[in-house]
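Scroll down for the structure; my scribbles are underneath it.
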Amino acid sequence: MSERFDAVDIIRTKRDRQVLSTEQIDWVIDAYTRGVVAEEQMSALAMAIFLNGMNQDEISTWTQAMINSGETMDFSSLSRPTADKHSTGGVGDKITLPLAPLVASFGVAVPQLSGRGLGHTGGTLDKLEAIPGWRANLSNEEIMHQLETVGAVICAAGSGLAPADKKLYALRDITSTVEAIPLIASSIMSKKIAEGTGSLVLDVKVGSGAFMKDIDQARELAETMVRIGKNAGTATVALLTDMSVPLGRKIGNGLEVEESVEVLAGGGPADVVELTVALAREMLLAAGVDVDPAENLANGKAMDCWRDMIRAQDGDPDAPMPAAKHTETVVAETDGVVSEMDALKVGVASWRLGAGRARKEDPVQAGAGITIHAHLGEQVKAGEPILTLHTDDDYRFERAREALEGGITISTVAPTRESVLLDRIG
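The sequence shown begins at 35 in the working numbering and counts up one residue at a time.
See below:
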C-alpha cells in the first residue's frame, strides 16, 4: 500500500521542535506497528521526543493512536461499575493484592490487568504465582465471568491490547529514552484506557525506590496522565506516594503475598494498610460508592473476596507460601534508631537474592526476598536483626550484602514519616 507520510519528515518535525499533527501521529504509530517504520527510525523519533517534549494535545493523540493499534475491552455489560488502579512501581509494593478484593467487596468490579517484574521493582503476577496452582492467563470470557461473579480479577493483559506500546516499550529500554514523560504517560494510559475501565486511580511513587526520584517530575507525570485519562473520558485521579523506604516489612514474591493476607485479615504494617485504604477510597468514590473501606478489612468481607478470587484462578488460598532454602540475618552494629533505609538498595538486594529478573525471560524464586525486622524510626540494639535475607542459592548472599552497603543508617535521631501519602492530583 502507498504510505501517506514519510518517517524522515516526521522525525525532522520533532527534531526541529515543531508540533506533530494528529495525522502524522496516527500514521507513524500505525506504520510502526505494521513494520513500515523501521526500528532505527522510531528510535530517532523517540529520542527527539525525549529531548524536545510534546504538548498535551500531541500526548493525548499519541496515546489514542496506541490504543487504536489493537483491541479494546468493554465492561458495559457488567452489572457492577468498574474501577482500576495503576502503580508506577516500587519496593515492597504489593498493594494490588489486598486492594482489588477490598474494592470488589463493596460491589465494584476491579479488572486489574497486571505485569511481571523487571529489575528491582516486583511484578504482581510473579507474586501471585507463588500461590500453588494460581494461573495468570485468562480468556476474555473468563475475565468477564470472574468480574461478574467474584468482582475482582488480577491477570495478565492479552497481547492484543495496545501492541504498539509493547514494541515501543522494548525499544525505549535499549535507546535510553525510558524517562521521557510523554512516552511514560502514553505507555501507561494507552494500556489502561484500552482495558475499558470506567475510572482509574494512579499511584505515582516518588523516591529512591521509584522510577521518579524527584517530586516535581512525579507531579508532572501524574498531571499528564490525569489529563490523558480525562480527555479519553475515563475518570482519573492520582496519588503521589512515598517510595524513599520500602513499603511494608516483606519484599519478594511469596513474602509479599503473606503480608497482603495479613492486611486482609485486619492486620499488617501501617503504611501498607494506609495506602490500601486510601486507594480503595478513591476507587470507590469514582465508582459512586461513598464508604470507609477499612470496614471490610475488619469484618472479613475483603478476605472472603480474596479467597474467591484466588480459587477462581485455580489457586489454593490455604496453601503455605514456598519457603527459601537458605536465610541469612543482617544485624545492627550499634544501638540506636533506624534513621535511613534506602528503598533502591533494599530492592536491588532482593532482586539479587532471586526475587526479580534482569531479563524478561529470567525465572524468579517464589521464596526469595527480604524480611524487615527493624524499619525506619524503630529502635534496635547492637546484634539484633534488622533484615533476614531469603534465597534458594546461598551464593547470592554476598552480592545482596554488597547492594545493601550504605543503605541502612542507625543513629540517635529518629526520622519523621507521618504518612506515605504526599499529594492528590485530579
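Don't be surprised by glycine CBs; every beta carbon is placed ideally from N, CA and C.
8 Å Cβ shell around residue i - same chain, five flanking residues per side excluded
i   : result
R38 : E57, W61
8 Å contact criterion, which residue i and residue j should meet: CB distance rounded
i    : j    : result
E316 : G194 : With a Cβ gap of about 29 Å, E316 and G194 do not count as contacting.
A186 : P115 : A186 to P115, Cβ: 13 Å. No contact.
S121 : T67  : Going by Cβ atoms, the distance from S121 to T67 rounds to 27 Å, so no, they are not a contact pair.
Q347 : L172 : 7 Å
A448 : S373 : 7 Å
A80  : L205 : 7 Å
V323 : L274 : Wrong, their Cβ atoms sit about 24 Å apart, outside the cutoff.
G460 : V240 : In fact, because the Cβ distance is near 16 Å, the residues do not count as touching under 8 Å.
R283 : I177 : Wrong, their Cβ atoms sit about 32 Å apart, outside the cutoff.
M88  : N174 : Actually they do not touch by this definition, with Cβ atoms about 32 Å apart.
Residue i - DSSP class collapsed to helix/strand/coil
i    : result
A408 : coil
K128 : coil
E105 : strand
G302 : coil
Q413 : strand
D457 : strand
V137 : helix
S373 : strand
D118 : strand
G263 : helix
L387 : helix
T450 : coil
G322 : coil
S445 : strand
G381 : helix
L438 : helix
L421 : strand
Neighbourhood of residue i by C-beta distance below 7 Å, restricted to the same chain and skipping five residues each side
i    : result
V365 : G417, E418, P419, I420
V307 : V297
K161 : K128, L131, N287, E290, V291
D118 : V144, P145, Q146, K226, E229, T231, L234
N86  : K48, R51
L54  : I44, T47, K48, E92
T310 : I129, P132, L133, L136, V297
T361 : T422, L423, H424
Q90  : R261
F84  : T211, A214
A78  : I45
K335 : S139
I442 : V372, E374, M375, I420
D199 : M100, S221, S224, K225
K247 : G241
S113 : E182
V279 : M375, A377, L410
Of the listed residues the options, nearest to residue i (C-alpha basis)
i    : options                : result
M76  : L54, D50, V42          : V42
T425 : A400, D64, N102, S278  : A400
T450 : H409, R433, R458       : H409
T258 : V240, P303, M223       : M223
I262 : L217, G403, S113       : L217
D207 : E452, S373, E73, P354  : E73
A299 : K264, W340, G282       : W340
I285 : E176, R386, D199       : R386
V382 : G126, Q180, G334, M355 : G126
T268 : R458, S453, Q98        : Q98
G411 : I444, D457, W168       : I444
S111 : H179, G69, T155, I406  : H179
W96  : N265, R430, M355       : N265
A65  : P197, A252, L455       : P197
D350 : L236, W168, V71, N330  : W168
T363 : G302, D427, I404       : I404
G388 : R430, M355, V380, A256 : R430
R345 : E163, G69, T209, G302  : E163
V142 : L236, R433, P327, I59  : P327
V295 : E452, L331, L319       : L331
Chain-order list of residues whose beta-carbon lies under 6 Å from that of residue i (same chain, five-residue window excluded)
i    : result
A244 : G124, M277
R435 : none
A170 : L159, C189, A190
D369 : K415, A416
L378 : S242, G243
P166 : D350, A353
D457 : L274
A402 : G286, A358, L387, G388, A389, H424, T425
P303 : G282, R283
Neighbour flag for residue i against chain C, beta carbons, 7 Å
i    : result
A204 : The chain inventory of the structure shown lacks chain C, comprising one protein chain alone.
Residue i CB to nearest heavy atom of the ligand ADP below 6 Å
i    : result
D326 : The ligand ADP is not part of this structure, which contains no ligands at all.
Inset, instruction - At 4 residues or longer, and completely inside the stretch 140-216: list those alpha helix (DSSP H) runs for me, N to C. - result: 158-162, 174-183, 197-208
Inset, instruction - Can you check the stretch 211-248 for any alpha helix (DSSP H) of at least 4 residues that lies completely inside it and give the ranges in chain order? - result: 215-229
Inset, instruction - Within the stretch 327-368, note down every full beta strand (DSSP E) run reaching 3 residues or more, in order along the chain. - result: 360-365
Inset, instruction - Kindly provide the ranges of any alpha helix (DSSP H) runs that are 4 or more residues long and lie completely inside the stretch 49-89, ordered along the chain. - result: 56-68, 73-86
Inset, instruction - Kindly provide the ranges of any alpha helix (DSSP H) runs that are 4 or more residues long and lie completely inside the stretch 268-312, ordered along the chain. - result: 287-298
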